[in-house]
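Protein chains in written order, with the working numbering: chain A, 834 to 1122; chain B, -14 to 199.
Structure below.
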């Protein structure tokens, strides 16, 4: 008497949530240190995104919007890098417009580190092939201004060098972009759709974080986007399609195991709920007091 | 002369005029006013950036109050103010490509930003695992739907059970998307109503007229 009996059902209903944190930490870290290499399936969404970028020709000018802060970039990174590798390989010209102040360190990381060797491989040069415009889209009004008269709104690159005499001479309004590519955490720029896509019919693709997927799919369904890429998983699929394995494919093992673990915990929690919690409540309700 | 600026009617007339100048050319080609509209957009974009100054001022006031009253976590506010001031000074004095600015962003801003985002996964995971209980038939439907979408989102599942895609896509394309549309439509309708109220003078607090007309 007085000694507590062990009950598996009770444990399932009342386990300490820190076990979840510990297990999640292990299953995320483990496969990243030692990748398993589980197979993945490529979704129709990613295939469409891939085809839209492949449809671009050398010399096409893309408005490349980085509407992401650093934290969101961690989720977008695989798709972001894979998309840019495709742009570079195809010889597409990029005008990089930041929509978030944290985009500035991102510029250093992407061009000085992550894509440096790839750009050297394809002889992709600053001012000739890509121009960093800087934080030019802080709000919708700035997007409207750039959409109506680009050179009235943007005269210099992010370091203050004039953009005159570059490939951007051919861009006057939102109609002159071959495509808009938006990499967004959702703190993105509604002005791109409202004042460039709807007004000029410029095609737009979007790479979004997971929680913004319903919104992205609705825009895709409405024809506002011509293609969309979903979260890290979409990025991994794109890496697979372009045969450039990167951070996305490495993360997919953790991704798969993490999702399965969550389902297992939901099942465990429900067994605990019906086997212990609800019965305890029933016992309390019917107890003779 | 001050009556001119204080007059509700004059302010409203200016508002309606500039609204029409910006609104009408969106739908009709009006090259005569294009330049003026572009200038207005640039003015609005530039003015908007001055809100950063207000944000810095507000943060200083808030943090100084915390420090003065020694409220919980007051020491962090010293750290915050020092970093904010340092970064602003370096940014203005030497620019965003200076080694000190890059060091501040890569050693402090970016790791903190990543950590703040990364730990969300633990909370979301834990919340889902503990909150998804089949307490009713509706909750059971939610759990089953959630598990189907979760299974589909695990990349391995699609490789061995491609058939799951049709079920998951049905759920996301119908239920998920309809909710998202409802959300967007609600925001847009709300925006239109607010604008109509502003233009008809029923909502003038943003112009500095505290009392609104009924």
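Quick reminder that beta carbons are idealized off the backbone N, C-alpha and C, glycines included. Note that the structure is predicted; figures quoted are calculated from it, not measured.
Contact annotation: in the segment 899 to 923 of chain A, residues whose CB is within less than 8 Å of a CB in chain B are 902, 903, 904, 905, 907, 908. Apart from sequence neighbours up to five positions away, the residues of its chain that approach residue 66 of chain B with a beta-carbon distance below 6 Å are 48, ordered along the chain. Secondary structure of residue 843 of chain A (DSSP, three-state): helix. Using a CB distance cut-off of 8 Å, residue 850 of chain A counts as an interface residue toward chain B. C-alpha of residue 881 of chain A to C-alpha of residue 1075 of chain A: approximately 13 Å in a straight line.
At least one C-beta of chain B is nearer than 8 Å to the C-beta of residue 1048 of chain A. Leaving aside the five residues that flank residue 868 of chain A on each side, the residues in its chain whose CB is nearer than 7 Å to its CB run, in chain order, 1083, 1086. Inter-residue distance for residue 890 of chain A and residue 925 of chain A is about 7 Å (C-alpha atoms, whole angstroms). As for any alpha helix (DSSP H) of minimum length 4 sitting wholly inside the segment 910 to 995 of chain A, the runs are 936 to 942, 949 to 954, 973 to 981, 983 to 986, ordered along the chain.
Bridge pairing for residue 1061 of chain A: A:1039 [DSSP]. The shortest CA-to-CA distance from residue 131 of chain B to any of B:140, B:114, B:7 is the one to B:114. Taking residue 1108 of chain A as the centre and dropping the five residues before and after it, the same chain places the C-beta of 842 closer than 6 Å to its C-beta, in chain order. When the alpha-carbon of residue 1013 of chain A is set against those of A:1000, A:1038, A:1001, A:999, the nearest one is in A:1038. The residues 1087, 1091, in chain order, have a CB closer than 7 Å to that of residue 861 of chain A in the same chain once the five nearest residues on each side in sequence are set aside.
Where residue 895 of chain A is concerned, there is no enclosing alpha helix (DSSP H), although the beta strand (DSSP E) around it starts and stops at 894 to 900. Under the Cβ criterion of 8 Å, residue 975 of chain A is counted among the residues facing chain B. Under the DSSP assignment, residue 1006 of chain A falls outside any alpha helix (DSSP H); it carries neither an H nor an E label. A buried status is given to residue 1051 of chain A, since no fewer than 16 other beta-carbon atoms sit within 10 Å of its beta-carbon.
Scanning chain B for C-beta atoms nearer than 7 Å to the C-beta of residue 1022 of chain A yields nothing, as the closest lies near 12 Å away. According to the DSSP assignment, residue 3 of chain B belongs to the alpha helix (DSSP H) that extends over -7 to 12. DSSP, read as helix, strand or coil, puts residue 849 of chain A in coil. Distance from residue 964 of chain A to residue 921 of chain A at the Cβ level is roughly 14 Å; contact not present, criterion being Cβ atoms closer than 8 Å. The Cβ atoms of residue 980 of chain A and residue 1028 of chain A lie closer than 8 Å to each other.
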